[in-house]
Each structure stands twice: as structure tokens, then as C-alpha cells.
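In my numbering, the protein residues as written are -8 to 287.
Below: one structure, written as C-alpha cells.
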């Protein structure tokens, strides 16, 4: 057989195999699309519902009152809560909040305006809240070391003046003094921060509808993850207050978390960018009167 005829048969066989592969791929993709349609519709419905709830002015104005009631009356539920609070998971509260909320804010800001500077400005709110939490933790640690004392329980209550609270507890000795619950503080601060940052997702959905665009699926998934995280922190706060009640340490921690949120979102963030403020969530990202109503 001539070489030209062999090449033609080879190319013909390659075309046939390529057509078969395309048919097989089309047959596999069709059921996948059929399954993804209801999942995409469910994702859109859930995100729109949760965005409406968190964007409601009634929820944003009175969420701190519900959180205050949880802090005040949570210890009364200790007779039926038997859940063990994992300390390591509790200590990673700010880390999880920073990662998920920061990702949501970055993706929302960049998808709305495609501006790196504006995205960084909105991300700076998370960084400032982190600095606030770090400063409060350091300050509370110094105050606890200054106001407390370390004792050796057996055989007598011997005072160890050179011990800090951390070294005292590490040595299995007793620490006595005034303290503020840092766990309650960071849980309250993270819950309030999540509600503020997630409340603008409804504006994003409204803008996408006006522009006749479908919402971003990764952004919707991030939004749902942040809502789940908010629910986890509230349940964890309830378990902490009910299973390990400590009056008035936990109430002081909740009050400091509320004051931190109040000072940032109700104070500093409402100033203009020329005054060194990063602005409120959603500021400069959406067009129309909805963003003005939301900021009010």
C-alpha cells in the first residue's frame, strides 16, 4: 500500500475516534447539567433568602440585643446542656472568621468594581477588627496578671508572686483574681462582624438582577459558609455560657465585644475616607438608592 493511502486511513480513523469521544463526552455532560440545575436553583433560593434576612434593617439594628440576651441568660441553661466545648476550636474563632469573612469581602468587592484599591480598603475593616481583638487580648492579659495571684494548693496556700496566670495554670497551681472572658469577647465580636459584613449581599443580588447577570456561584457558596459559621459561633457561645458559667467574667467579655463593634461599625467606619475610615460594608460598591438606605 502506498504511504499516502496509509496516511489518509490514519487521519480518517483519528476523526472517527474524535467524533466518538465527543459523543461520549456529550452523553456524560448532559446528566451532569440536569443534576446541577436544581442544585444551582436551590443555592440561589437559599442565598437570596439569607441575604434578605441579614440585610433587613430590623435584624441589623437589634441583633446585638439578641446577643446580649444570650450572654445574660445563657448560663441559666446549664442544667440541660451537656456539650463539651473544644478549647482548640474555640481558640481558632478569629482565624476562621478572618479567613471566610475576608474571602467573602474580597470577592464581593472585586466582582462589584474590579478595583484593587477599593477591595483593599474594604478588606482593611477585617484587619482593623483583628488589631482591636489583639489589643484587647494583650491588655486583658496584662490586667489579669496585675490583679491576680498564684497559689500552691497543697499542703498550704502558698503565694507565688513571680508567676503569671499562664505559667501558674501550666504548673497546675490555682489562680485567683479578676478576669474577663476572652472567649466570650471574641465570639460576640465575630458574630456582630459577620452580620455587618454579610448584610450587603442582598444589595449585590439586586444589582446583578438590574444588570441581567447571574450571581457568582463561588460568592454564593462563600456567603453560605459565612452564615454557617455565624450559626456555629452562636451555638458555641450558648454552650460556653451554659456549660461553663462564670459570672460576671463572661458578661464583661460580651460587653467589651459589643463596645468594640460599636466603636468600629457605629463610629469610626461611618466617617469619610479622608478621615482615615475604610467605610461601611458595601460603600462605593453598589449604585442606586438601595446602598444609601442600607447605610442609614
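Quick reminder that beta carbons are idealized off the backbone N, C-alpha and C, glycines included.
- Task: Classify residue 212 as buried or exposed, calling it buried when 16 or more other Cβ atoms lie within 10 Å of its own Cβ.
- Result: exposed
- Message: Let me confirm a value: residue 257 is counted as buried when at least 16 other C-beta atoms fall within 10 Å, else exposed. Which label applies?
- Response: exposed
- Alpha carbon of residue 247 to alpha carbon of residue 203, nearest angstrom: Going from the Cα of residue 247 to the Cα of residue 203 covers about 44 Å.
- Query: What separation, rounded to the nearest whole angstrom, lies between the Cα atoms of residue 173 and residue 277?
  - Reply: Distance between the alpha carbons of residue 173 and residue 277: 36 Å.
- Message: Closest to residue 50 by C-alpha separation, out of 126, 191, 132, would be which residue?
- Response: 191
- Please confirm whether residue 186 and residue 243 have their CB atoms less than 8 Å apart. At the C-beta level, residue 186 and residue 243 stay beyond 8 Å of one another.
- Task: Would you be able to state if there are at least three C-beta pairs under 8 Å between the stretch 110 to 119 and the stretch 264 to 278?
- Result: yes
- Message: Rounding to the nearest angstrom, what Cα-Cα distance links residue 254 and residue 35 in this structure?
- Response: 34 Å
- Query: Over what stretch of residues does the alpha helix (DSSP H) that includes residue 274 continue unbroken?
  - Reply: First-last for residue 274: undefined, no H or E at that position.
- What are the uninterrupted segments assigned as beta strand (DSSP E) that are 3 or more residues long and contained completely in the stretch 171 to 258, given in chain order? none
- Query: Among the residues of its own chain, which have a CB less than 6 Å from the CB of residue 101, if the five just before and after it don't count?
  - Reply: 110
- Using only alpha-carbon positions, find the residue among 221, 144, 106, 207 that is nearest to residue 31. 207
- Give a yes or no on whether the C-beta atoms belonging to residue 220 and residue 131 are separated by under 8 Å. no
- Item | Closest by C-alpha distance to residue 143, when choosing among 47, 161, 56, 228 | Nearest of 47, 161, 56, 228 to residue 143, Cα basis: 161.
- Item | Among 193, 122, 224, 169, the one whose alpha carbon lies nearest that of residue 238 | Nearest of 193, 122, 224, 169 to residue 238, Cα basis: 169.
- Message: When you compare the CB positions of residue 216 and residue 42, do they come within less than 8 Å of one another, or not?
- Response: Using a Cβ distance threshold of 8 Å, residue 216 and residue 42 do not count as a contacting pair.
- Message: My assumption, with CB atoms under 8 Å, is that residue 46 sits in contact with residue 194. Please give the rounded CB distance.
- Response: 7 Å
- Query: Quick one: Cα of residue 6 to Cα of residue 222, how far?
  - Reply: Low confidence applies here, because residue 6 scores a pLDDT of 47, under 50, leaving its location unreliable; read the following figure in that light. Computed Cα separation, rounded: 55 Å.
- Message: Quick check on the DSSP output: the alpha helix (DSSP H) that includes residue 99 runs from which residue to which?
- Response: 84 to 104
- Task: Measure the beta-carbon distance from residue 180 to residue 251 and round it to whole angstroms, keeping in mind my assumption that it falls under 8 Å.
- Result: Confirmed, about 5 Å.
- Just confirm the distance between the C-beta atoms of residue 209 and residue 98, as a whole number of angstroms; I'd bet it's less than 8 Å. 7 Å
- Item | Beta-carbon gap between residue 249 and residue 55 smaller than 8 Å | yes
- Message: Here's a check: name, in chain order, each residue in its chain whose Cβ is nearer than 8 Å to the Cβ of residue 224, leaving out the five neighbours to either side.
- Response: 84, 88, 178, 181, 182, 185
- Have a look at 122, 156, 128, 123 and flag the residue whose alpha-carbon is nearest the alpha-carbon of residue 138. For residue 138, the nearest C-alpha among the options comes from 156.
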